[in-house]
Amino acid sequence: MAERLAVKKTYKLYVGGKFPRSESGRSYEVVDAKGRFLANAAWASRKDARDAVVAARKALTGWSGATAYNRGQVLYRVAEVMEGRHAQFVDEVAAGEGVTRAKATALVDEAIDRWVWYAGWSDKIAQVVGSSNPVAGPYFDFSVPEPTGVVAVLAPQRSSLLGLVSVLAPAIVGGNTVVLTASADRPLPAITLSEVLATSDVPGGVVNILTGALADTAPILAAHMDVNAVDLAAAAGDAERARELELAAADNLKRVVRAPAAEPDWLVEPGLERITAYLETKTVWHPVGV
1 MAERLAVKKT
11 YKLYVGGKFP
21 RSESGRSYEV
31 VDAKGRFLAN
41 AAWASRKDAR
51 DAVVAARKAL
61 TGWSGATAYN
71 RGQVLYRVAE
81 VMEGRHAQFV
91 DEVAAGEGVT
101 RAKATALVDE
111 AIDRWVWYAG
121 WSDKIAQVVG
131 SSNPVAGPYF
141 DFSVPEPTGV
151 VAVLAPQRSS
161 LLGLVSVLAP
171 AIVGGNTVVL
181 TASADRPLPA
191 ITLSEVLATS
201 DVPGGVVNIL
211 TGALADTAPI
221 LAAHMDVNAV
231 DLAAAAGDAE
241 RARELELAAA
251 DNLKRVVRAP
261 AAEPDWLVEP
271 GLERITAYLE
281 TKTVWHPVGV
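UniProt numbering applies: residue 1 is where the sequence shown begins, and numbers increase by one.
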């Protein structure tokens with residue numbers, strides 16, 4: 001028998017629950033840590049970024065209006081579907097990050113467990129950061145957390161799966177919707193995650209994933225007037241890029257999760273800071289007895 005030809009994959013973007021090609025028609029080669037070809041990925045354009053924001057805004061009402069308990073169930077379902085594709089994630093993390101299979105397995109396990117961890121906080125975060133406030137007079141006074149809105153998440157460039165999950169899950173668990181830029185050089189775990197999201201219970205548009213050059217999409221998202229918050233994790237260690245993106249975000253007073261001096265150790269147990277970074281507090285007064 002003749003040797004089979006390789007079936008080379010060309011992946012697409014994930015926007016609005018669908019898999020469109022890049023508006024630009026461009027793609028680029030994804031290679032492993034040793035420079036060997038893995039697949040082709042879509043090169044997102046500025047228009048793709050704007051389209052993703054439109055999709056995220058459209059999905060916001062339904063997702064933010066869902067009960068916290070339901071959002072927790074949805075996040076847990078993501079972990080279930082990821083578990084079924086565990087071997088594929090291990091292959092992609094090992095190839096892209098140049099780590100051993102044992103190390104890749106540990107990273108994938110932690111990424112799946114992190115979805116479960118954040119799912120557990122979905123119906124508990126309000127009790128931690130909300131309050132019933134003592135006031136003078138016959139009133140009830142409550143402070144309750146609400147989602148900020150559309151969040152642009154510039155995912156870590158080195159940690160292609162665990163780092164990505166660590167910045168994505170806390171943004172959506174509180175009811176926000178997300179436009180995420182994946183690691184440019186290591187996008188395959190993000191692409192596979194988009195397939196997981198599409199076949200789980202996450203409504204279309206809640207998470208939108210762009211691949212390609214960060215320089216093409218990050219400034220558009222940081223300056224976009226319909227984006228309410230931005231996470232600059234991708235600019236870790238790049239003070240100049242972080243400064244430019246912060247200045248762009250200042251035009252409409254976005255909430256900004258600032259870039260760290262260096263990419264952190266994502267294996268460390270997360271706190272609640274990334275959840276609360278995308279929550280706003282609403283205080284309600286109500287007369288007693290009415």
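Every residue gets a Cβ at the ideal spot worked out from N, C-alpha and C, and that includes glycine.
Note that this is a predicted model, so its numbers are computed, not measured.
Beta-carbon proximity of Ile209 to Tyr28, cut-off 7 Å: no
According to DSSP, is Phe19 part of a helix, a strand, or is it coil? coil
In its own chain, which residues sit with a C-beta less than 7 Å from the C-beta of Asp226, not counting the 5 before and 5 after it? Val53, Arg57 and Val150
Are Thr148 and Arg274 touching if we call contact CB-CB under 7 Å? no
Could you tell me the alpha carbon to alpha carbon distance between Gly65 and Leu180, rounded to whole angstroms? 21 Å
Count the C-beta pairs between the region 28-44 and the region 123-138 that are closer than 8 Å, then say yes if the count reaches three, no if not. no
How many Å lie between Ser200 and Ala171 at the Cα? 18 Å
What does DSSP give as the partner residue(s) for Ala250 in the beta ladder? DSSP, once it has assigned bridges, lists no residue as partnering Ala250.
So what does DSSP say about Ala218, is it helix, strand or coil? helix
Starting from Thr276, follow the alpha helix (DSSP H) in both directions and report where the run begins and ends. Glu273 to Thr276
Under the criterion of a Cβ to heavy atom distance below 6 Å, does Leu253 qualify as lining the ligand SAM? In terms of ligand content, the structure shown is empty, and the ligand SAM therefore cannot be addressed.
So, for Leu60: in the same chain, excluding its five sequence neighbours on each side, which residues have a beta-carbon less than 7 Å away from its beta-carbon? Gly149, Val150 and Thr177
Rank Ala242, Ala223, Leu247 and Ala235 by C-alpha distance to the C-alpha of Ala49 and give the top, closest one. Ala223
By Cβ distance below 7 Å, which residues in the same chain neighbour Trp63 in space, the five residues on each side in sequence not counted? Gly175, Thr177, Pro203 and Val206
If you check the beta carbons only, do Thr211 and Ala106 fall under 7 Å apart? no
Using the C-alpha atoms, what's the distance from Arg71 back to Ala213? 31 Å
Cβ neighbours of Gln88 in the same chain (closer than 8 Å, five flanking residues each side left out): Thr192
Excluding the 5 residues flanking Val284 on each side, which residues of the same chain have their C-beta closer than 6 Å to its C-beta? Phe142
Using the beta-carbon count (16 or more within 10 Å), is Pro187 buried or exposed? buried
If you draw a straight line from the C-alpha of Arg21 to the C-alpha of Tyr11, how long is it? 8 Å
Sheet register partners of Glu97 (DSSP bridge): Looking at the DSSP assignment, Glu97 forms no beta bridge with any residue, so it has no partner.
Do Gly96 and Ser166 have their C-beta atoms closer together than 7 Å? no
Count the other CB atoms, across all protein chains shown, that sit within 10 Å of the CB of Ser132; report buried if there are 16 or more and exposed otherwise. exposed
Roughly how far, in whole angstroms, is the beta-carbon of Ala259 from the beta-carbon of Ala233, given that I think they are within contact range, below 8 Å? 7 Å
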